[in-house]
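In our numbering, each number is its position in the sequence shown, counted from 1, plus 288. To keep things clear, I will list the structure first and then write my remarks on it.
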Amino acid sequence: MPNSLRPAALAAAFLALAATSALVRPALAQPSPAQPAVVTDFGPVDSITARVMAGVGAPVQILPPGAEPHSYSLRPSEARELGAADLVVWVGPRMTPWLADPIAALASKAEVLTLDELPGLTLLPIRASGPFEADLHDHGAEAGEHDDHDHDAAGHDDPDHDAHADAAAQAAPDQHLWLDPDNATVFAAAIAAKLGAMDPAHAAAYAANAEAFAGEMAALSAEVDATLAPARGKPFIVFHDAYQYFEHRFDIPAAGSVALHDAESPGAARVAEIRDRVRADGVVCAFTEPQFPPKLLATITEGSEVRTAALDPEGVGLTPGVDLYPTLIRNLATDLAGCLR
289 MPNSLRPAAL AAAFLALAAT SALVRPALAQ PSPAQPAVVT DFGPVDSITA
339 RVMAGVGAPV QILPPGAEPH SYSLRPSEAR ELGAADLVVW VGPRMTPWLA
389 DPIAALASKA EVLTLDELPG LTLLPIRASG PFEADLHDHG AEAGEHDDHD
439 HDAAGHDDPD HDAHADAAAQ AAPDQHLWLD PDNATVFAAA IAAKLGAMDP
489 AHAAAYAANA EAFAGEMAAL SAEVDATLAP ARGKPFIVFH DAYQYFEHRF
539 DIPAAGSVAL HDAESPGAAR VAEIRDRVRA DGVVCAFTEP QFPPKLLATI
589 TEGSEVRTAA LDPEGVGLTP GVDLYPTLIR NLATDLAGCL R
């Protein structure tokens with residue numbers, strides 16, 4: 289869409305489209321005047337928001353399960369949902385760039401909570417290349433306190449290097465923030481605070497839900513730590529670099545990724561490079577994702593003893609709702625440990 293198209297014109301175009309097409313999904317139930325209509329970007333954020341709203345209401349997820357979060361075109365029904373929102377909760381424009389203009393045009397009167405701007409998050413810079421096991425600790429930068437793992441021996445003795453990494457993380461952080469349960473806890477607290485300000489009658493419920501969620505995340509993190517304990521130190525590769533926050537939080541670094549960037553298919557040279565690396569580094573397991581064909585990974589691992597499995601960083605195969613996020617995190621740990629046995 290041309291940058292010169294003004295928000296008013298964009299809004300008119302979206303609303304005209306919405307008015308001339310039948311609903312693809314059921315219409316939203318009209319909330320009570322005291323209950324904000326909340327719209328979220330995609331599964332993990334929707335799940336965390338639903339947990340905060342439990343007993344009061346439920347958010348509406350814009351991106352259909354399984355759709356590509358980095359590139360999508362709104363359907364008319366989704367444009368209507370966005371236009372009716374009182375609050376939009378999303379990771380931010382780097383994660384879902386296609387959503388920025390519709391939010392400005394259709395939800396101009398709504399409150400917008402951009403999660404990657406919140407204080408207190410662990411922020412990590414985008415890793416620059418496919419083989420990146422040395423980058424996990426050396427380039428890690430956090431906005432808040434360090435987690436419970438000891439990273440002192442991993443290369444934090446260069447203040448200039450650390451300052452550069454921190455600046456890179458703040459300027460353009462890796463957008464897969466939700467894969468650290470500590471970040472999810474920060475999300476929940478911010479969502480509860482925003483909803484409480486908009487809906488004072490239910491502020492106590494939102495706050496209590498966020499507090500309960502924090503306890504659930506602490507317990508889940510302990511469970512994941514125990515699940516992953518036997519798998520640590522065993523090399524693995526992933527299809528694309530989506531798991532840095534999970535790796536960092538639970539001290540289980542990947543050796544590299546097949547694709548260099550999100551939504552990018554690797555070329556022949558890249559495939560050959562990874563094939564060589566798999567053999568040289570003694571990689572135990574290679575992970576694809578539900579939305580990517582397994583054939584490419586089979587090409588990389590052909591003739592080796594490397595096991596293959598799938599990881600789902602977005603909950604594509606899960607039922608949307610409150611349980612999606614904790615199930616997603618638990619499944620990542622179980623699937624990693626199972627393949628790295």
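Quick reminder that beta carbons are idealized off the backbone N, C-alpha and C, glycines included.
Residue i, buried or exposed, once every other Cβ within 10 Å from all chains shown has been counted against 16
| i | result |
| --- | --- |
| A422 | At A422, the pLDDT of 45 sits below 50, so the modelled position is not reliable; the number obtained from the coordinates is stated separately. The residue is exposed, with fewer than 16 neighbouring Cβ atoms inside 10 Å. |
| T410 | buried |
| A586 | exposed |
| R368 | buried |
| K482 | buried |
| A560 | exposed |
| E602 | buried |
| E535 | buried |
| R629 | exposed |
| G380 | buried |
| A506 | exposed |
| P469 | buried |
| P314 | Residue placement at P314 cannot be trusted, given a pLDDT of 41 that sits under 50; the coordinates are not used to answer. |
| P413 | buried |
| A338 | buried |
| D329 | buried |
Helix, strand or coil at residue i according to DSSP, with G and I counted as helix
| i | result |
| --- | --- |
| S309 | Note that S309 has pLDDT 41, beneath the 50 cutoff, so the model's placement of it is unreliable and the number below is only indicative. Residue state, collapsed to three classes: coil. |
| F580 | coil |
| H376 | Correcting the residue type first, residue 376 is Val in the shown sequence and not His. Strand at V376. |
| R595 | strand |
| A431 | A caution first: A431 carries a pLDDT of 37, below 50, which makes its placement in the model too unreliable to give a value. |
| P357 | coil |
| T410 | coil |
| P461 | strand |
| V400 | strand |
| V604 | coil |
| T473 | helix |
| T328 | strand |
| V340 | helix |
| V348 | strand |
| R629 | coil |
| A498 | helix |
| R363 | coil |
| D468 | coil |
| A621 | helix |
| A510 | helix |
| P390 | helix |
| M383 | coil |
| D633 | Because the chain spans 289 through 629 in this model, residue 633 falls outside it and cannot be assessed. |
Rounded straight-line distance, which links the Cα of residue j to that of residue i
| i | j | result |
| --- | --- | --- |
| M486 | A492 | 12 Å |
| M289 | V376 | Note on M289: pLDDT 44, under 50, position unreliable in the model; the coordinate value appears next. C-alpha separation (whole angstroms): 22 Å. |
| R363 | V604 | 19 Å |
| V610 | C573 | 31 Å |
| L620 | E405 | 26 Å |
| T615 | S361 | 28 Å |
| L370 | L387 | 10 Å |
| P347 | R382 | 22 Å |
| R563 | G570 | 11 Å |
| A393 | R520 | 47 Å |
| A498 | T607 | 21 Å |
| G345 | V546 | 41 Å |
| A476 | G331 | 14 Å |
| E366 | T515 | 39 Å |
| P518 | A598 | 19 Å |
| A472 | I336 | 7 Å |
| R595 | F538 | 22 Å |
| Y533 | A502 | 18 Å |
| A625 | V512 | 10 Å |
| I617 | A489 | 32 Å |
| Y494 | A342 | 8 Å |
| P461 | T384 | 14 Å |
| E504 | W378 | 22 Å |
| T622 | P541 | 16 Å |
| D334 | A395 | 17 Å |
| Y531 | L584 | 19 Å |
| D374 | A398 | 5 Å |
| H358 | D529 | 14 Å |
| I350 | I391 | 11 Å |
| P578 | D389 | 29 Å |
| C627 | K522 | 10 Å |
| A557 | I588 | 12 Å |
| A372 | P324 | 10 Å |
| E590 | E356 | 28 Å |
| Y613 | E593 | 32 Å |
| R415 | P582 | 24 Å |
| F575 | D600 | 10 Å |
Supposed contact pair residue j and residue i - C-beta distance, whole angstroms, cut 8 Å
| i | j | result |
| --- | --- | --- |
| G555 | I525 | Incorrect: roughly 17 Å between the Cβ atoms, too far for contact. |
| V340 | I479 | 5 Å |
| L465 | L508 | The pair is not a contact, with the Cβ atoms about 16 Å apart (cut-off 8 Å). |
Distance cut-off 7 Å: residue i Cβ against heavy atoms of the ligand SAM
| i | result |
| --- | --- |
| A367 | Here there are no bound small molecules, and the ligand SAM is not part of this structure. |
What runs of the beta strand (DSSP E), each 3 residues or longer, lie entirely inside the segment 516-592?
Listed in chain order, they are 524-528, 544-547 and 573-576.
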